[in-house]
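Residue numbers (the UniProt record's numbering): 1 to 602.
Take a look at the structure below.
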């Protein structure tokens with residue numbers, strides 16, 4: 001109300017109802033049980049208002065927050081609106097509280113499901129991965145009980161959450177539930193969001209084909225005017241895929257067209273990502289100075305906006321800048337960047353581990369619930385059988401039921417014991433009991449199978465062999481228990497340093513190997529350096545003694561040593577002993593010239 005003017009109570013009341021209805025229609029669309037407009041019309045108005053005029057939406061929500069509402073359904077709708085408004089303003093804690101009120105209310109199912117998925121999206125950004133994944137599972141379990149609009153929303157948010165926690169195959173699976181050409185029946189905002197989510201999923205799974213590239217380009221053209229953030233997000237992963245395929249000129253042309261628009265939008269994470277892609281592209285076309293400039297911009301932006309959040313693109317910027325300064329001869333700056341990179345890699349890996357643990361916990365809980373349901377179903381079947389037989393002969397019924405229960409119990413018991421025994425034997429045969437790494441036999445068999453497949457697919461494989469320095473002296477001086485502790489700690493840091501698909505094994509004594517699928521020589525060397533540093537930083541005070549721990553590393557790849565496992569081991573063994581001979585606690589890479597010479601004389 002404008003100061004100095006008065007309105008009658010009835011007029012004010014009418015205005016309140018009018019404004020409330022506009023907000024509810026404009027924002028939630030099909031969730032409001034209106035009589036004057038259809039569900040589809042409500043949804044269209046909602047998406048239009050939310051997309052085109054967020055400031056007006058915030059003003060409307062501020063007004064309705066003071067209204068007295070008796071109807072529980074309207075109260076739930078208002079809490080949903082207030083939650084979304086707080087999310088728009090960046091107040092995630094307040095937003096979560098409003099959403100939780102809706103979830104605990106007795107509102108209609110579509111509203112509650114939408115709220116659960118909105119809450120899941122907020123919680124995953126707040127790193128509450130377990131609760132977020134639980135809400136996604138709840139939403140997916142009820143997706144077939146609601147109309148298409150809500151169901152499509154559930155699938156999209158589920159894919160976003162799964163991508164965030166690194167479960168890209170699950171994201172792809174959920175997106176496959178959407179009907180073909182579903183973006184054609186969605187409004188502009190939903191269709192553009194879908195394109196961005198699909199582009200990320202395809203990129204992470206390395207599945208951006210020519211056909212998918214055309215789809216992303218088409219979505220970008222369709223969305224760039226009305227939904228530029230989603231359009232540029234989809235284009236981002238297309239450009240990232242080009243860089244991964246070393247199509248630097250094409251990538252540079254794309255970024256040159258978009259970088260100004262990205263900066264003007266002011267979304268820090270999107271800008272950081274584009275800066276990193278630009279730096280990688282410029283480095284690829286040998287524009288080193290410009291590459292350094294944009295990598296530095298990405299780092300500054302990442303540190304300025306959120307030091308707690310580490311993205312792969314920020315890590316890429318740090319690592320690239322370190323390499324560029326090294327090439328320029330500024331080793332002090334390069335070392336500073338590399339050290340910061342390693343610190344952030346450790347934090348990033350910890351966060352990824354938290355995501356994996358959360359997913360496993362939710363999976364385990366889901367399986368437990370399913371087992372309970374199955375047990376209840378079995379009990380129900382037995383009760384039905386008992387009732388049917390009781391009508392004929394109560395005595396025979398009790399005997400038969402007792403026999404069935406005994407048989408089922410015995411069968412279940414022995415099946416469980418046999419299965420458990422099989423699992424234990426398999427694990428013992430595949431795992432080194434001291435370190436938890438792959439046993440020698442399992443390592444050899446698995447590595448040979450991957451080498452065969454990699455050779456057919458023409459993919460490089462990296463190989464690292466390393467041996468503990470002065471390990472016999474540790475055993476002799478401090479005892480075998482301390483020696484075993486050193487091996488266990490070494491295995492822990494190796495597992496923490498490896499990628500998800502890498503294979504680490506103990507080949508015997510104090511000798512370890514790391515098999516790196518889809519990895520070139522340079523990346524294998526980088527991982528070896530990370531492992532070497534991690535091993536050298538092991539704190540032995542836990543044993544009651546203080547002594548240095550180090551390892552000597554040999555590194556090669558199939559590009560140098562071929563796809564025969566024994567050749568890989570032999571070459572890295574020579575390199576490793578060169579490292580020991582040259583002073584230990586260092587990395588020696590197999591000499592490519594020597595390998596070429598050996599091939600010529602063989």
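No residue lacks a Cβ here, since even glycine has one placed at the ideal position from N, Cα and C.
- By the Cβ-count criterion, residue 167 is buried, with 16 or more other Cβ atoms from all chains shown falling within 10 Å of its own Cβ.
- For a cut-off of 8 angstroms, the C-beta gap from residue 240 to residue 220 is around 14 angstroms, too long to register as a contact.
- Scanning its chain for C-beta atoms nearer than 8 angstroms, with the 5 sequence neighbours on each side dropped, one finds around residue 475 the residues 482, 483, in chain order.
- In the DSSP secondary-structure assignment, residue 552 is bridged to 467.
- Shown here for residue 246: same chain residues with a beta carbon closer than 8 angstroms to its own, the five before and five after excluded, namely 284 in chain order.
- By the CB criterion at 8 angstroms, residue 251 and residue 243 fall inside the cutoff.
- Below 8 angstroms, enough C-beta pairs join the region 567-582 and the region 549-557 to call them touching: three or more.
- Counting along the chain, residue 76 sits inside the alpha helix (DSSP H) bounded by residues 72-88.
- For residue 503, the enclosing beta strand (DSSP E) stretches over residues 503-508.
- Contact between the region 508-522 and the region 532-545 is absent: fewer than three C-beta pairs spanning the two stretches fall below 8 angstroms.
- When the beta-carbon positions are compared, residue 437 and residue 504 come within less than 8 angstroms of each other.
- Counting only residues of its own chain and dropping the five nearest sequence neighbours on each side, residue 547 has a CB closer than 6 angstroms to the CB of 540.
- In the three-state reduction of the DSSP assignment, residue 563 falls in the coil class.
- Taking each of 126, 116, 125, 465 in turn and checking the Cα distance to residue 140, the smallest one comes out for 116.
- Sequence-distant partners of residue 565 (beyond 5 residues in either direction) whose C-beta falls short of 8 angstroms from its own C-beta, in its chain, are 444, 447, 448, 451.
- Residue 112: member of the alpha helix (DSSP H) spanning 109-125, first to last residue.
- Residue 273 holds the alpha-carbon nearest to the alpha-carbon of residue 312 among 515, 273, 294.
- In the structure shown, the three-state DSSP call for residue 511 is strand.
- The DSSP-derived three-state label of residue 209 is coil.
- Distance from the Cα of residue 106 is smallest, within the candidate group 83, 123, 122, 79, for 79.
- Separation of residue 517 and residue 459 (C-alpha to C-alpha, rounded to the nearest whole angstrom) is 8 angstroms.
- DSSP places residue 557 in the strand class (E or B) of the three-state scheme.
- Distance check between residue 200 and each of 172, 211, 123 places 172 closest, using alpha-carbon atoms only.
- The beta carbon of residue 316 sits closer than 6 angstroms to those of 276, all from its chain and outside the five residues before and after it, given in chain order.
- Burial state of residue 480 is exposed, judged by a 10 Å Cβ sphere holding fewer than 16 other Cβ atoms.
- Distance between residue 189 and residue 227, taken at the CA atoms: about 7 angstroms.
- Its Cα nearest to that of residue 237, the residue 198 stands out among 262, 147, 512, 198.
- Secondary structure note for residue 130: its alpha helix (DSSP H) is the uninterrupted segment 129-141.
- Of the residues assessed, residue 545 falls on the exposed side of the cut-off, its CB having fewer than 16 other CB atoms within 10 angstroms.
- Exclusion of the five residues before and after residue 512 leaves 466, 506 as the residues of its chain whose Cβ lies within less than 6 angstroms of its Cβ.
- One alpha carbon belongs to residue 501, the other to residue 323, and they sit about 25 angstroms apart.
- In this structure residue 508 is exposed. Its beta-carbon is surrounded by fewer than 16 other beta-carbon atoms within 10 angstroms.
- Close CB contacts of residue 174 within its chain, under the 8 angstroms cut and outside five residues either way in sequence, are with 140, 155, 158, 159, 162 (chain order).
- Under the three-state reduction of DSSP, residue 179 is assigned to coil, being neither helix nor strand.
- The beta carbon of residue 203 sits closer than 7 angstroms to those of 237, 240, 241, all from its chain and outside the five residues before and after it, given in chain order.
- The Cβ-Cβ distance between residue 431 and residue 488 does not fall below 8 angstroms.
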